[in-house]
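Quick note: the sequence shown uses UniProt numbering, first residue 1, plus one each step.
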Amino acid sequence: MESCPQRRRAPAPTPRTPSPSVHTGPDHRSDAQTETAHDALAEEETDVPREARLLCDAQGKLIFIGDCAPLSFFQTVRQLVNTRVDPHVFAHQTESPPFRPPAHYTGDGEPALRLDTTPLAIATYHAVTSGLVDLFDRARLLSEVGIWARQDHRAQDVASAAFYLVLAIGYQSSEEDLASAYFEYARNIALANLSGNINVPTIQTFILVTLYMLGSCQMNGAFLFFGIAVRAAYSIGIHRTEINSRFVPDIQVQRDRLWKSLRVLDLFLSTSMGRPPATSDVDCTVPYRSTEDGSGQETFDILNASAQIFLITEGIVVEVYSRKKVSYQLTEGISRQLRDWSIRWLQRLKLVISNPLSEDDPSKVTGACQVLCSYYYAVILVSRPFLMYELHKRLAEGSGATPSSRPGLVSGKSKLADACIDAASFMVDILVGLVERGYLNGQMPLIVSWLFASSLILGVGLLGSFGRILEKYTRNSIMVLEHFAKRDAHASQYSLIAKSLLNAALDYLEKKELQERLQRTESSSQLFGLVPRDSMEAEQVTPSASHDHNMTVASDRSSAAKAVNSVSTFLGLGSPSFADMDASFLTLSNSLPRTPDLSILDGRSDGDHGFGDLNLFQLLDGDGHIDLGPYI
Numbered sequence: 001m002e003s004c005p006q007r008r009r010a011p012a013p014t015p016r017t018p019s020p021s022v023h024t025g026p027d028h029r030s031d032a033q034t035e036t037a038h039d040a041l042a043e044e045e046t047d048v049p050r051e052a053r054l055l056c057d058a059q060g061k062l063i064f065i066g067d068c069a070p071l072s073f074f075q076t077v078r079q080l081v082n083t084r085v086d087p088h089v090f091a092h093q094t095e096s097p098p099f100r101p102p103a104h105y106t107g108d109g110e111p112a113l114r115l116d117t118t119p120l121a122i123a124t125y126h127a128v129t130s131g132l133v134d135l136f137d138r139a140r141l142l143s144e145v146g147i148w149a150r151q152d153h154r155a156q157d158v159a160s161a162a163f164y165l166v167l168a169i170g171y172q173s174s175e176e177d178l179a180s181a182y183f184e185y186a187r188n189i190a191l192a193n194l195s196g197n198i199n200v201p202t203i204q205t206f207i208l209v210t211l212y213m214l215g216s217c218q219m220n221g222a223f224l225f226f227g228i229a230v231r232a233a234y235s236i237g238i239h240r241t242e243i244n245s246r247f248v249p250d251i252q253v254q255r256d257r258l259w260k261s262l263r264v265l266d267l268f269l270s271t272s273m274g275r276p277p278a279t280s281d282v283d284c285t286v287p288y289r290s291t292e293d294g295s296g297q298e299t300f301d302i303l304n305a306s307a308q309i310f311l312i313t314e315g316i317v318v319e320v321y322s323r324k325k326v327s328y329q330l331t332e333g334i335s336r337q338l339r340d341w342s343i344r345w346l347q348r349l350k351l352v353i354s355n356p357l358s359e360d361d362p363s364k365v366t367g368a369c370q371v372l373c374s375y376y377y378a379v380i381l382v383s384r385p386f387l388m389y390e391l392h393k394r395l396a397e398g399s400g401a402t403p404s405s406r407p408g409l410v411s412g413k414s415k416l417a418d419a420c421i422d423a424a425s426f427m428v429d430i431l432v433g434l435v436e437r438g439y440l441n442g443q444m445p446l447i448v449s450w451l452f453a454s455s456l457i458l459g460v461g462l463l464g465s466f467g468r469i470l471e472k473y474t475r476n477s478i479m480v481l482e483h484f485a486k487r488d489a490h491a492s493q494y495s496l497i498a499k500s501l502l503n504a505a506l507d508y509l510e511k512k513e514l515q516e517r518l519q520r521t522e523s524s525s526q527l528f529g530l531v532p533r534d535s536m537e538a539e540q541v542t543p544s545a546s547h548d549h550n551m552t553v554a555s556d557r558s559s560a561a562k563a564v565n566s567v568s569t570f571l572g573l574g575s576p577s578f579a580d581m582d583a584s585f586l587t588l589s590n591s592l593p594r595t596p597d598l599s600i601l602d603g604r605s606d607g608d609h610g611f612g613d614l615n616l617f618q619l620l621d622g623d624g625h626i627d628l629g630p631y632i
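See the structure below:
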C-alpha cells in the first residue's frame with residue numbers, strides 16, 4: 001500500500017508586534033500615506049493562530065483537534081514557551097507509553113443491582129450531569145428505577161439500557177468495575193435495539209453512552225455515539241416545538257428539554273474538541289428562554305442558561321476562530337451578548353452556589369458551577385487571541401525589542417488580554433471554593449476541560465508579567481486538577497502540564513528580575529562606590545560559572561526524573577509532551593501539592609483495566625512534518 005507523502009504543516013502565524021513609525025521623504029508622501037493606513041489596519045487586527053492539528057492517542061489512532069480546543073491551545077503555548085523561554089520545558093521522548101485497553105464486561109447474564117446504593121448513584125448522576133443535560137424528571141426517575149430494579153425479569157429494551165447507564169454514571173467515580181459492567185451491558189442492549197423503531201428512550205440512551213464515555217476519557221467514542229443520538233432526534237422531530245406540542249404537556253416539556261440537552265452537549269463536544277457541531281438551529285423552533293407569567297422576568301432554569309451561553313460560544317467559534325484575524329471591533333458585538341447574558345444569569349447562578357439552602361440538592365450547585373465555567377470559558381475564547389498578542393509583544397520587548405507605539409490601539413487589546421486572565425481567575429476561585437466544601441466529586445469532563453484552559457491562561461499570564469498574584473491562581477488551578485486526577489487520567493496529565501508551565505514562568509521571571517536588579521546595581525554603585533570595580537569586573541565571568549552550576553542542577557533534575565519514570569509510565573504520561581521533564585516540574589516546591597502517585601487510581605493494580613489511559617499529547621507534527629503513511 002502506497003504511503004502518504006510527508007506534508008509540512010504551515011506554522012501558526014505569530015501576532016504582529018507594532019513597529020515604530022518610519023519617516024518618509026516628501027517625494028514618497030502618497031506611498032507613505034497608503035503604508036500608514038495599511039499599518040493602522042494591521043495594528044487594529046490581531047492574528048488568530050491556526051491551531052488545529054492531528055494528535056495520536058495511546059493506540060496510535062489519529063485524533064483531529066480543532067482550533068478552539070484547549071488541547072490545541074496547549075500546543076500553541078508549548079511552542080511559544082519552547083521558542084521564547086526554554087526549549088526543554090516540554091521535551092520530547094521517543095518511547096510511547098504502554099496502552100491498556102478499556103475494560104469489558106465478561107460476566108454471564110445481567111450484572112447484579114445494588115438496591116441499597118441505587119438512590120445515592122442516582123443523586124450522583126444528577127450532580128455530574130446538571131447544567132449539561134436534563135433527560136428525566138428527577139422524582140419520577142428515582143421511582144421508576146426503584147420499581148425496575150426490583151423486577152425479577154427486566155426487559156431487554158432501551159428503557160432498561162437507559163436505567164443501567166444512569167447507574168453506571170452514578171457509580172463511575174466510586175466503583176469503576178461495577179460502572180463498567182453496567183455500561184458494557186447497557187451499550188450492548190442499546191445497539192441490539194437500534195433499528196427503525198426510534199423513540200425518546202433511544203435518544204436518551206445514546207446521550208447517556210456519550211456522557212459515560214466522556215467521563216472515561218474516550219473522546220472519539222463519545223463523539224461517534226452522540227452522532228447516533230442526534231440523528232435519532234431529528235428523525236422524530238425533537239427539534240420542532242410545534243411537533244412536540246402535539247403530545248401531552250409532560251411529554252412536550254420532556255421533548256423540548258431533550259433537544260436543549262442535545263444542543264448543550266453537542267456544543268460542548270464541538271468546542272472542547274474543535275470540531276463542527278452535529279446540531280443546528282437552522283430548522284429548530286424549540287425556545288431557549290421562558291418567562292414567568294405576569295412579571296415578564298426570565299424563569300430560572302439552569303438548562304436554559306447553559307443553552308444560551310453555549311449558543312454565544314458557538315458564535316464565538318464561527319466569528320473568531322474561522323478567521324485568520326480578529327479585530328477589536330468584531331469583539332464588541334460578542335461582548336454585548338456576553339454582558340446581556342451576565343445581567344440575566346451571573347448573579348442568580350452565584351447565589352445558587354453561595355446559598356446554604358442549595359446544600360439540600362447538590363445538583364443545583366454543580367449545575368450552576370458548570371454553567372458559570374462555560375460562561376468564563378466563552379470570555380476566554382473571545383479574548384484569547386489578544387492575550388497571545390500581548391504575550392508575544394511582552395516577551396519580544398523583554399528580549400530587547402523596541403517598545404511598541406500606538407498606545408491607544410494597544411490599550412484595547414490589553415483590556416481584552418486582562419479580561420481573559422480575569423475570567424480564568426474567577427473560574428478557579430469558584431472551583432476552589434466548591435472543592436473545599438466537598439462538591440465536585442464525580443466525573444466532570446466539562447469542568448476539567450475548561451479548567452485546563454484556564455490553567456494555561458494563568459500560566460502564560462504569569463510568564464508575561466501580568467501580575468505575580470497569578471502564581472497563586474495557577475497553584476489553585478493545579479490543586480483542583482489534582483482533585484479530579486484521582487479519577488480522571490486527562491486531569492492528571494493536565495496538572496503535569498500546568499506544573500511545568502508554572503515552573504517555567506517562575507524561572508523566567510526570576511532570571512528577568514535578577515538581570516534587572518544587576519543593571520540597577522551597576523548604575524547605583526557609581527554614586528557611592530557600593531560595589532568595588534574589581535567585583536564588577538568579576539561579574540563579567542559569573543555567567544560562565546553560573547552556566548556550569550545550571551548544568552549540574554540540570555543533571556540532578558535528570559536523575560530525579562528517572563526516579564519517577566516508573567510512575568509516569570504507569571500513568572500513561574510518557575508522551576513527547578512530558579518526556580525528560582525536569583524533576584522540579586513534577587514537584588515545584590514544598591508548598592505546591594505533589595503530583596498524584598499510584599494512589600490516584602484508587603488501588604487499581606497493573607492487571608486492572610480502565611478507560612482513563614488514553615494519551616492525547618503524542619504529537620504527530622514534529623518539526624512541522626506529518627507522515628501519515630503508517631496510519632493509512
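Beta carbons are placed, not taken as given, at the ideal position from N, Cα and C, and that holds for glycine.
### Query
Can Tyr182 and Leu194 be called in contact, C-beta distance under 8 Å?
no
### Query
Should His368 and Gly131 be called a contact, given that it needs their Cβ atoms to be closer than 8 Å?
The question names His, but residue 368 is Ala in the sequence shown. In this structure, Gly131 lies closer than 8 Å to Ala368 by Cβ.
### Task
Could you tell me whether the Cβ atoms of Met219 and Ile63 are closer together than 8 Å?
yes
#### Entry: Rounded separation between Arg154 and Pro201 - CA only
Distance from the CA atom of Arg154 to the CA atom of Pro201, rounded to whole angstroms, is 16 Å.
### Query
Of the residues Tyr494, Val158, Ile497, Ile65, which one's Cα is nearest the Cα of Gly274?
Ile65
### Task
Examine the Cβ distances between the stretch 169-177 and the stretch 226-234 and report whether three or more of them are shorter than 8 Å.
Output reads no: the stretch 226-234 does not touch the stretch 169-177.
### Task
Starting from the C-beta of Gln443, find all residues in its chain whose C-beta is less than 7 Å away, skip the five residues before and the five after it, and write them out in chain order.
Cβ neighbours of Gln443 beyond the five flanking positions: Val128, Gln172, Ser173, Gly215, Arg487, Asp488.
### Enclosing beta strand (DSSP E) for Leu62 [first to last residue]
From DSSP, the beta strand (DSSP E) with Leu62 extends over 62-65.
### Query
In terms of alpha-carbon separation, which member of Ala424, Pro362, Leu416 lies closest to Val435?
When Ala424, Pro362, Leu416 are compared, the shortest CA-CA separation from Val435 is found for Pro362.
### Task
Classify Ala453 as buried or exposed, calling it buried when 16 or more other Cβ atoms lie within 10 Å of its own Cβ.
buried
### Under 8 Å between C-beta atoms of Val379 and Lys364
If you check the CB distance, Val379 and Lys364 do not come in under 8 Å.
### Task
For Pro201, verify whether its CB is less than 7 Å away from any heavy atom of the ligand SAH.
The ligand SAH is not part of the structure shown, which contains no ligands of any sort.
### Task
Determine which residues share a DSSP beta bridge with Val326 and list them.
Thr46
### Query
Going by alpha carbons, who is nearest to Tyr376 out of Val89, Leu456, Arg231, Trp450?
Answer by Cα proximity: Trp450.
### Task
Verify whether the separation of the beta carbon atoms of Leu135 and Ile122 is less than 8 Å.
no
### Message
Contact between the stretch 143-152 and the stretch 457-465 is defined here as three or more beta-carbon pairs at a separation below 8 Å; is this criterion met?
### Response
no
### Query
With a cut-off of 8 Å, do at least 3 Cβ pairs link the stretch 306-317 to the stretch 260-269?
yes
### Query
In this structure, what does DSSP give as the bridge partners for Glu298?
Thr291
### Query
Could you give the residue range of the alpha helix (DSSP H) that holds Arg138?
138-149
### Task
Using beta-carbon positions only, say whether Tyr321 and Asp67 come within less than 8 Å of one another.
yes
### Query
What are the boundary residues of the alpha helix (DSSP H) that includes Arg78?
It spans 70-84 - the alpha helix (DSSP H) in which Arg78 sits, taken as one unbroken run.
### Task
Compare the C-alpha of Ser280 against each of Gln254, Ile238, Thr291 and name the closest.
Ile238
### Query
Are Val432 and Val382 close, meaning C-beta to C-beta below 8 Å?
Not a contact, by the Cβ cut-off of 8 Å.
### Task
Following the continuous beta strand (DSSP E) through Leu54, name the residue where it begins and the one where it ends.
Where Leu54 is concerned, the enclosing beta strand (DSSP E) stretches over 53-56.
### Message
Check this for me: beta carbons of Lys413 and Glu390, under 8 Å apart or not?
### Response
yes
### Query
Helix or strand or just coil, what does DSSP make of Glu397?
helix
### Task
Note down the Cα distance separating Pro277 from Gln515, rounded to an integer number of angstroms.
49 Å
### Span separating the alpha-carbon of Thr271 from that of Gln297
30 Å
### Query
So what does DSSP say about Gly109, is it helix, strand or coil?
coil
### Query
Just how far apart, CA to CA, sit Ile430 and Tyr473?
11 Å
#### Entry: As assigned by DSSP and simplified to three states, the class of Val89
Val89: coil per DSSP, three-state reduction.
### Message
Just to confirm my understanding: we take Ser546, look at its own chain, exclude 5 residues before and 5 after, and list those with CB closer than 7 Å. What are they?
### Response
With a pLDDT of 45 at Ser546, under the threshold of 50, the modelled position of this residue cannot be trusted, and the question is left open.
### Query
What are the boundary residues of the alpha helix (DSSP H) that includes Ala503?
In the sequence as displayed, the identity of residue 503 is Asn instead of Ala. Run containing Asn503: 489-528, per the alpha helix (DSSP H) assignment.
### Message
Could you check whether Lys499 and Ile478 sit closer than 8 Å to each other, using their CB atoms as the reference points?
### Response
Taking 8 Å as the Cβ cut-off, Ile478 and Lys499 qualify as a contacting pair.
### Message
Can you list, in chain order, the residues of its chain with a C-beta nearer than 7 Å to that of Ser358? Leave out the 5 residues immediately preceding and following it.
### Response
Val352, Lys364, Val365
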